[in-house]
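Colleague: For reference, the structure I am asking about is given below.
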Amino acid sequence: MTYSQLDLPLGGTLCIAELPSDVAPSLSTYRSLTHQLLDEVVPRDTPWELKHLPSGAPYLISPDHDYSISISHSGSYVALAICEGQYGIGVDLQIASDKLARIAPRFMSPMELTHYEHLVAREELLKAREWLYTVWGLKEATYKAHPLHVERDLATNYIVSPPEASVSSEPYSDGGNGPILRYTVYADEGDDRPTLLSGYILRSIATAPYHLTYVQAEQAK
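Residues in the sequence shown are numbered from -1 upward in steps of one, following my numbering.
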């Protein structure tokens, strides 16, 4: 199996693997590829077992290490984020399709949707598509990293910072492919102070076959 690997901005590793061309995407093939990735990244002398909570969230059992993980798959690709310690981490991988544009009002806030519609009206279609996938990916990754204790609503409970405020003064670089944009994501459960999380665009559909985002919450107390 071949795969690419990134060191994450806040620690840990993210791996992306592609199914062989003669293997059709399915839940079973995604699981098989995920297990192959874990065999690669977990120390070989460390036993592990992949489990899932009733919500579907994955977790890794190991007597020797305390891991946090997140998994995403789309099309022929699987992404696996893993770090040691009890962190809330989330990764989202999404190949390009027509689906997101059709459901944009269901996951975008009024501000996010207005910005998207302005870009479309100005025929800045590449920027519009990037914003669409950025909002979706960061919200999905944030939900995995910091699930709400109130009813989930991607459009109103998670808000992505405006694009003009997104770039860090010292942007993280993935080692040759340019800076990785950092966004602030607000997770609002209706109290006085929303939780702020950092989200990163690690791969863009402008330069890769998929859009890849990552969020990591603070270490659990």
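We treat Cβ as the ideally placed atom computed from N, Cα and C, and that holds for glycine.
1) Could you please give the first and the last residue of the uninterrupted alpha helix (DSSP H) stretch that includes P108?
2) Going by DSSP, name the residue or residues bridged to H147.
3) Go ahead and pull the three-state DSSP assignment for V213.
4) What residues in its chain sit with their C-beta under 6 angstroms from that of Y170, if we drop five residues either side in the sequence?
5) I need the straight-line Cα distance from S202 to Y208, nearest angstrom please.
6) Once DSSP output is grouped into helix, strand and coil, what is the label at Q154?
7) Beta strand (DSSP E) containing D5: first to last residue?
8) Taking all protein chains shown into account, do 16 or more other C-beta atoms lie within 10 angstroms of the C-beta of V21, making it buried, or fewer, making it exposed?
9) Suppose you measure from the CA of S66 to the CA of L152; what does that come to, to the nearest Å?
10) Taking I157 as the reference, which of P145, I101, D186, Q214 has the closest Cα?
Modeller: So, from the data block:
1) Note, P108: alpha helix (DSSP H), 108 to 119.
2) The beta-bridge partner set that DSSP reports for H147 is empty.
3) Judged by DSSP in its simplified three-state form, V213 adopts strand.
4) Because Y170 sits at a pLDDT of 49, beneath the cut-off of 50, its placement in the model cannot be relied upon, and the point is left open.
5) Rounded to the nearest whole angstrom, the C-alpha separation of S202 and Y208 is 6 angstroms.
6) Looking at the sequence itself, residue 154 is Thr, so the reference to Gln does not match. In the structure shown, the three-state DSSP call for T154 is helix.
7) Start and end: 1 to 5.
8) Its Cβ having fewer than 16 others within 10 Å, V21 is exposed.
9) Each residue's Cα considered, the two are about 23 angstroms apart.
10) For I157, the nearest C-alpha among the options comes from D186.
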